[in-house]
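Going by the numbering used here, the sequence shown opens with residue 43, and the numbers climb by one from there.
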Amino acid sequence: MNTFRKLILVTAALLAAVTLSAKPRVRIIATGGTIAGVSATSASSAYTAGQVGIQTLIDAVPQMLYLADVSGEQLVNIGSQDMNDEVWLQLAKRINVLLNEEGYDAVVVTHGTDTMEETAYFLNLTVKSEKPVILVGSMRPSTAISADGPANLYNAVAAAASPECVGLGVLCCMNNQLLDAKSVIKTHTIDCDTFEGGKVGCIGYVYNGEAHILQRVTNKHTVNSEFDITRLDRLPRVGIVYGYANCSPLPMQAFVDAHFDGIVLAGVGDGNFYKDVFDVAVAAQQRGIQIVRSSRCPTGPTCLNSEVDDARYHFVAALDLNPQKARILLMLALTKTHDWQEIQQYFMEY
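Printed below as a string of structure tokens:
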């Protein structure tokens, strides 16, 4: 074997070794939230969200640098109660660039817990990559005694760096659990163990820096989603009306008068209307404002053509989506069509 050929083989072997030993490139996008919050004292329950920058969060968890080549950027620094459509569009577009153009292997998004489930579901429908996208937050501010943010962030990076999380869609990583974007719900106002997966449960967990997947989702998401926000600078306006005994029709009428594109009912039981609200909903649908029936119940489907004759009124049943996620799917559906039957099909698939 001549010297030149030996040099080529040695070089190839070295390149292969470097490739095998290279850590995944994980980009953290910070949006604020309690994980970046600061309290007056370590024992105080009062705090201000979105005060700590991304580099401070990274520096606080040096252990995750053993798992991945981690870098970060600050998109916004807000409490997630102030999350809005503009930030959602910016976030989804930026993630698509990072994963599809800049060569990152995964993205972690630090986020407040109030609306984390909504952002996760929006990204699940608009990110165009099979690479892991993990949302993470905390229930205690960064300055609290036994703050949960550092451990959550470490676990999120571990999940993002794991090949086990490829192709699962957008996940939330909280309190050692991995939860998929469609089923994840916040169930408690203050407990660290607040996030659950409804009847689906968690799809996996992180332990000792490794992700373990227990089940896989079957609904359409990410690369199989037909929703494209690349050229969008705004989303259709969709509001939510909460149902209750002796419910006033004024909130729904206000959305109608404001010319909203759609209205989701957080109905009682199986997505039922109070009688006065029902009349407004029928009139709204006739005016081209799409009505989607969901339920204020924490679990269980809103069934199609059950107690309400959806086919007669051209209503859409939210099926397994809660009101806040039904709103997101309806907004994206309305960027594609205003046909109620096509929109119902989206609710069956996503």
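Glycine included, C-beta positions come from ideal geometry on N, C-alpha and C.
- Scanning GLY145, GLY74, GLY239, VAL150 for the CA closest to the CA of ASN119 turns up GLY74.
- With 16 or more other Cβ atoms from the protein chains shown falling within 10 Å of its own Cβ, TYR392 counts as buried.
- The beta carbon of VAL358 sits closer than 8 Å to those of GLN332, ILE333, VAL334, ARG335, ASP352, LEU372, TRP382, ILE385, GLN386, PHE389, all from its chain and outside the five residues before and after it, given in chain order.
- Here GLN93 has ALA78, GLY79, VAL80 as same chain residues with Cβ atoms under 7 Å from its own Cβ, once five neighbours each way along the sequence are excluded.
- In chain order, VAL169, GLY211 place their CB closer than 6 Å to the CB of THR264, counting only its own chain and leaving out the 5 sequence neighbours on each side.
- DSSP places LEU220 in no alpha helix (DSSP H) but in the uninterrupted beta strand (DSSP E) bounded by 219-222.
- Per DSSP, the beta bridge partners of ILE71 are GLU115, VAL151.
- In the structure shown, GLN332 adopts extended strand secondary structure according to DSSP, grouped into three states.
- ILE187 carries a coil assignment under DSSP once its states are collapsed to helix, strand and coil.
- DSSP places ILE255 inside the beta strand (DSSP E), whose first and last residues are 252-255.
- Under a 10 Å Cβ-count criterion, ALA296 is classified as exposed, with fewer than 16 other Cβ atoms of the shown protein chains found around its own Cβ.
- In the three-state reduction of the DSSP assignment, ILE227 falls in the strand class, which pools E and B.
- Annotation: the continuous beta strand (DSSP E) that includes ILE305 extends over 304-309.
- Going by DSSP, MET216 is part of the beta strand (DSSP E) stretching over 212-216.
- Cβ-Cβ separation between ALA148 and ALA64: approximately 14 Å, too far for a contact (criterion under 8 Å).
- Taking all protein chains shown into account, GLN219 has 16 or more neighbouring C-beta atoms within 10 Å of its C-beta and is therefore buried.
- The beta carbon of ILE176 sits closer than 6 Å to the beta carbons of VAL150, ALA198, ALA201, ALA202, LEU213, CYS215 from its chain, once the five residues preceding and following it are set aside; these are given in chain order.
- Contact between LYS241 and THR341 holds: CB atoms are separated by about 6 Å, below the 8 Å threshold.
- Here DSSP, grouped into helix, strand and coil, assigns TYR89 to strand.
- As a beta-bridge residue in DSSP terms, THR344 pairs with LEU361.
- Inter-residue distance for VAL322 and GLY304 is about 13 Å (C-alpha atoms, whole angstroms).
- Counting along the chain, the unbroken alpha helix (DSSP H) around TYR388 starts and ends at 382-391.
- Around LEU117, the same chain offers ILE71, ALA72, THR73, VAL129, GLN132, LEU133, ARG136 as residues with beta carbons nearer than 8 Å, after the five sequence neighbours per side are excluded.
- According to the DSSP assignment, TYR163 belongs to the alpha helix (DSSP H) that extends over 158-168.
- Rounded to the nearest whole angstrom, the CA to CA distance from GLU206 to ALA253 is 7 Å.
- In this structure VAL68 touches ALA110 by the C-beta definition: roughly 4 Å separates them, less than 8 Å.
- For ILE96, no beta strand (DSSP E) encloses it; the enclosing alpha helix (DSSP H) starts and ends at 96-101.
- Cα atoms of ASP275 and THR377: separation of roughly 12 Å, rounded to the nearest angstrom.
- Taking VAL298 as the centre and dropping the five residues before and after it, the same chain places the C-beta of ILE305, VAL322, ALA325, ALA326, ARG329, ILE331 closer than 8 Å to its C-beta, in chain order.
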